[in-house]
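Shown next, in structure tokens, is the structure this report addresses.
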Amino acid sequence: MNKKVNKKGQFFLIAAIVIIIVTTTLISVSNKVIEKKDLTKIGDLSKELYIESGYLIKEGEYNSLNDEQMRNLSRDFAKKYVDYIQEKNNYYFIFGRRNGENANLSFLYYQEVAPETICLNLTGHCEDSSDWLDGKMETFYLSTFTNPIKLKLNNTYTKDFTINEGDNFYYLIWKYENEDKVYIP
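Read in order, the letters of the sequence shown correspond to residues 54 to 238 in our numbering.
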């Protein structure tokens with residue numbers, strides 16, 4: 054009789070261990086590492102860039118930077134931001150200061166895909182930008198400034214924008230989505 058009781062005890066002990074293992078497996082939380090392939094979403098960049106450019110301007114004002122120092126700070130910021138995005142697109146930054154009827158504006162552009170002809174109405178002419186792939190900055194001092202400024206790309210897209218007293222920064226990003234260009238101001 055002791056052998057039968059021992060076998061029954063072994064059976065129940067093994068069954069209890071199996072039930073505990075199955076229950077623990079079902080209840081336990083499994084952790085996975087999911088690799089995010091797209092580091093940034095183009096739609097979120099507009100909000101993020103708006104916030105970051107505000108910090109940039111505050112830093113320049115806090116440190117009492119002159120126009121040349123502010124241009125260098127803005128250029129460095131734009132280059133680092135384009136590198137941070139890690140997505141090949143065309144990026145355009147317009148920054149500077151407006152003081153009454155005078156304006157000191159810089160236009161910085163990175164054309165990493167599909168070089169475009171760029172025209173700013175404040176320069177009066179369009180330039181062939183097919184060789185501007187590494188980033189180029191043009192600076193304009195305007196003794197008589199009028200709004201709106203027109204940025205024209207490839208004679209197909211025109212963006213009008215106004216720089217008011219106290220405005221310091223404007224940007225435009227574009228990318229291809231399903232063979233169409235999407236512009237993000």
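Think of the CB as a built atom: it goes at the ideal place given N, C-alpha and C, for glycine as much as any other residue. A quick note: this is a predicted structure, and the numbers were derived from the prediction, not measured.
Close-in-space but distant-in-sequence residues of the same chain around Lys133 (CB under 6 Å, 5 per side omitted):
The residue you call residue 133 lines up with position 80 of the sequence shown. If we look at Lys133 and ignore the five residues flanking it on each side, it has no Cβ neighbours.
Pull the bridge partners of Gln139 from the DSSP assignment, please.
What you label residue 139 is simply residue 86 of the sequence shown in a count that begins at 1. According to DSSP, which records beta bridges pairwise, Gln139 is partnered with nothing at all.
Local Cβ density within 10 Å of Leu79, reported as buried at 16 or more and exposed below that
Mapped onto the sequence shown, residue 79 falls at position 26. It counts as exposed.
Check whether the segment 96-106 touches the segment 114-126, taking contact to mean three or more Cβ pairs, one atom from each stretch, closer than 8 Å.
no
Taking the beta carbon of Leu173 as the centre, do at least 16 other beta carbons fall within 10 Å, making it buried, or is it exposed?
Your numbering for residue 173 matches position 120 in the sequence shown. Per the 10 Å Cβ criterion, buried.
What would DSSP say about Gly149, mapped onto helix, strand or coil?
On the sequence shown, position 96 is the one that residue 149 refers to. Note: Gly149 maps to strand in three-state DSSP.
In whole angstroms, give me the CA-to-CA distance for Glu165 and Lys111.
As a first step, residue 165 must be located in the sequence shown, where it is residue number 112. As a first step, residue 111 must be located in the sequence shown, where it is residue number 58. Between Glu165 and Lys111, the C-alpha separation is close to 29 Å.
Spatial neighbours of Ile74 in its chain, beta-carbon cut-off 7 Å, leaving aside the 5 residues before and after
Looking up residue 74 in the sequence shown gives position 21. Nothing listed; no residue qualifies.
Taking the alpha-carbon positions, what's the Leu158 to Asp129 distance?
Within the sequence shown, residue 158 is the residue found at index 105, counting from 1. Within the sequence shown, residue 129 is the residue found at index 76, counting from 1. Their backbone Cα atoms lie some 16 Å apart in a straight line.
Mind checking who Tyr210 pairs with in its DSSP beta bridge?
Residue mapping note: residue 210 aligns to position 157 of the sequence shown, counting from 1. Paired residues: Leu206.
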